[in-house]
Each structure stands twice: as C-alpha cells, then as structure tokens.
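In the order they appear, the protein sequences are chains A and B.
So the first sequence is numbered by numbering that gives the first Met the number 0: it starts at 0 and just counts up by one.
So the second sequence is numbered by numbering that gives the first Met the number 0: it starts at 0 and just counts up by one.
Glycine included, every Cβ here is placed at the ideal spot set by N, Cα and C.
Since we're looking at a predicted model, the values are computed, not measured.
There are 2 protein chains.
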Amino acid sequence: MLYSSELIKGTLRTIILKLLCDEQKMYGYEITQKVKDLTKSRIQLTEGALYPTLHAMESEGLLSTETEYIGKRVRKYYSVSKTGKAKAAEKVNEFAEFMETMRVLLNIDLKTLNVQ
Amino acid sequence: MLYSSELIKGTLRTIILKLLCDEQKMYGYEITQKVKDLTKSRIQLTEGALYPTLHAMESEGLLSTETEYIGKRVRKYYSVSKTGKAKAAEKVNEFAEFMETMRVLLNIDLKTLNVQ
DNA sequence: TTTGATACATAAGAGTTTTAGGTATATTTG
DNA sequence: CAAATATACCTAAAACTCTTATGTATCAAA
C-alpha cells in the first residue's frame, strides 16, 4: 500500500543523499529499486521526479557521476561529494527532529505503531 | 530554529484536521499560534498557505464555519465535520506509518533523538 | 516474438507553498 | 497620544516539486 504522494514531497533529496552515503555509488534505476525494497513498496520513486533531481543535485555540487556500459546499455553512477556528505548528515538530522516535532504535534504514540 | 519549508510540505491538512479534532473549534490565526506554541516555533504556518487551504477544506466538506464578532473584528471559526473526523484519523495514521517507514529508510535511532 | 524488466531522459500540467501585497481593528509602549 | 506591534481576515503572482505522459533503446524470459 503506497503512501499518498504529498507525504513524500520534500523528502526525495534526503533519501538520495542518505542512500548514496551508505552505498558509495548507485545509478538512478537502482535507487528506485532500493527504496522500493527498503520500504516494502510503500515508497516508489517515479523516474520523472528522480532524474531531474539527480541532475540538479549534480549541478549543485552535491553529487558527481561516472558513466559505465553494461553491454550496450548505459548506466550513470552517482556518488556524494564531500559537500554532499555534510548535507546528508544535516538533512537526515533535520528530518529526525522534524519527525519528533510532528509526533508531539499529532500526539502519535510510537508504541502502538506496527507497520507491516 | 525553523525547519526548512520543504519538510512541512504535505503536512498542512493533517495538522489542521488534528488540531480541530482536539480543540472543537479554532480560527485561522489561532491555528498559526497554536502550532507555533506546540512546536516551540519550529513550524510557523504562513497565512498565504493556511487560508486558501482552509477554504478548500471547507468546500470539500471537511470543515464548517461560523463567524463571530469580537468588538468590530471578525473571527471565522472552523470545526471538523463527521467526514473531517474520519479523514483526520486516516491522515494521522498514515503519517505515523510514513514516519516509521522513513525512520527505517534513513536509519534514524530514536533513542538518540533529543529535540529541545 | 512479444511482454516485461532494465535504463536513461524530457516536458506539460497539477498541486502546494512562498512571497508580497492589501485592509482593518485593538493593544501596548515610548 | 502617536507609533509600533499584535490581531485577524484575504488574494494573487511566482516558485518549486512532483505526477503523468511520452520517447528511446537494450536485454531476458515466456
């Protein structure tokens, strides 16, 4: 069961940065699959959102790329720059604090939370 | 210290519905202040976002209104309809699950979380 | 051989929020 | 008492992000 898309808004960059910090290098399609796996299909990144964001993050200096050929098929690997690493830590931390603030605001009891 | 605005995207309706369920009735300005108080100024709703959203939610049947005069000044109170109550529960629950999914995805340890 | 998966990409449109403005009353402070 | 701040509503242009739709092409499996 997918989350309504409005929830995911604003988290895409944070997700990309965090995954790339953990995995050293990944290509776009791989990122969509990894997120799908890790979230049990609850978050499915669309390519229309992902690719433009990756391009933007590269031009901002957060990511760098290297192209590889698998047979005749192209793969564009992304990795985080030093600036990107700092940004990742910052963004994950901010999201963690945001979650806690929202938990209080919405009065959510974590003990009763059991996501399958 | 304010959260970067992109994080708050997509949570406005959930916040409004939840507050109105707890408080029976509130007016727009009051909502902005309540959220500011409850979040220690980390989330500050802007009126440009709030009022159009309240109007939309009213026209969707989630909220109803009654106008009151305090001296010569107008106050427009909003309360949740039956549909609104159901929607509130649904949205808060969805957000709770989303938080848990993101916590796993970003590998956030709640024990180390200490938001001032 | 055709379907589905892999793999990239762009562009129009939709939706939400910011920024910036507008109006007006009430209260506090110098 | 004048000026500043707080209260209280509102709208509209612009910016930003994501969805939906489309396009291209290779590879594997049925």
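Expressed to the nearest angstrom, what Euclidean distance is found between the alpha-carbon atoms of Lys-81(A) and Glu-22(B)? On the first sequence, position 82 is the one that residue 81(A) refers to. On the second sequence, position 23 is the one that residue 22(B) refers to. Near 47 angstroms, if we compare the C-alpha coordinates of Glu-22(B) and Lys-81(A).
Determine the chain B residues that contact Lys-17(A) at a beta-carbon separation under 9 angstroms, and present them in chain order. Counting from one through the first sequence, the residue named residue 17(A) turns up at place 18. Per Cβ cutoff of 9 angstroms: Leu-104, Leu-105 and Asn-106.
Using 8 angstroms as the limit for Cβ to Cβ distance, is Tyr-68(A) near chain B? Reading the first sequence from its first residue, position 69 is the one you call residue 68(A). No, no contact with chain B.
Residues bridged to Ile-69(B) [DSSP beta-bridge criterion]: Counting from one through the second sequence, the residue named residue 69(B) turns up at place 70. Ile-69(B) is bridged to Arg-72(B).
Which two residues bound the contiguous alpha helix (DSSP H) that contains Gly-47(A)? Translated into positions along the first sequence, residue 47(A) becomes position 48. Annotation for Gly-47(A): the continuous alpha helix (DSSP H) segment containing it runs 46-58.
With a threshold of 8 angstroms on Cβ separation, who are the neighbours of Val-73(A) within its own chain once the five nearest residues in sequence on each side are excluded? Counting from one through the first sequence, the residue named residue 73(A) turns up at place 74. Apart from sequence neighbours up to five positions away, the residues of its chain that approach Val-73(A) with a beta-carbon distance below 8 angstroms are Thr-66 and Glu-67, ordered along the chain.
Would Ile-42(A) count as contacting chain B if we go by Cβ distances under 8 angstroms? Within the first sequence, numbered from 1, the residue matching residue 42(A) stands at position 43. Yes - at least one Cβ of chain B is within 8 angstroms of the one on Ile-42(A).
Helix, strand or coil at Thr-38(A) according to DSSP, with G and I counted as helix: Counting from 1 along the first sequence, the entry for residue 38(A) is found at position 39. Of the three classes helix, strand and coil, the one that applies to Thr-38(A) here is coil, per DSSP.
How do the stretch 84-99 of chain A and the stretch 0-7 of chain B stand: do at least 3 beta-carbon pairs fall below 8 angstroms, yes or no? yes
Burial state of Tyr-77(A), where buried means 16 or more other Cβ atoms lie within 10 Å: Here residue 77(A) corresponds to residue number 78 of the first sequence, with the count starting at 1. That one is buried.
In the DSSP assignment, find the alpha helix (DSSP H) that holds Thr-16(A) and state where it starts and stops. As a working note, residue 16(A) is residue 17 in the first sequence. Per the sequence shown, the amino acid found at residue 16(A) is Leu instead of Thr. It spans 11-22 - the alpha helix (DSSP H) in which Leu-16(A) sits, taken as one unbroken run.
What first and last residue would you give for the alpha helix (DSSP H) that runs through Leu-104(B)? On the second sequence, residue 104(B) is found 105 positions in, with the first residue counted as 1. Note, Leu-104(B): alpha helix (DSSP H), 81-104.
Buried or exposed for Ala-55(B), please, with buried defined as at least 16 other CB atoms from any protein chain shown within 10 angstroms of its CB. The residue you call residue 55(B) lines up with position 56 of the second sequence. Flag for Ala-55(B) reads exposed.
Mapping DSSP to helix, strand and coil, what is Ser-78(A)? Against the first sequence, residue 78(A) aligns to sequence position 79. In the structure shown, Ser-78(A) sits in a strand (DSSP, three-state: E or B).
Compare the C-beta of Val-79(A) against all C-beta atoms of chain B and say whether one is closer than 8 angstroms. Looking up residue 79(A) in the first sequence gives position 80. With 8 angstroms as the cut-off, Val-79(A) does not count as an interface residue toward chain B.
Could you tell me whether the Cβ of Thr-100(B) comes closer than 8 angstroms to any Cβ of chain A? Along the second sequence, one-based indexing puts residue 100(B) at 101. Judged by the 8 angstroms Cβ criterion, Thr-100(B) is in contact with chain A.
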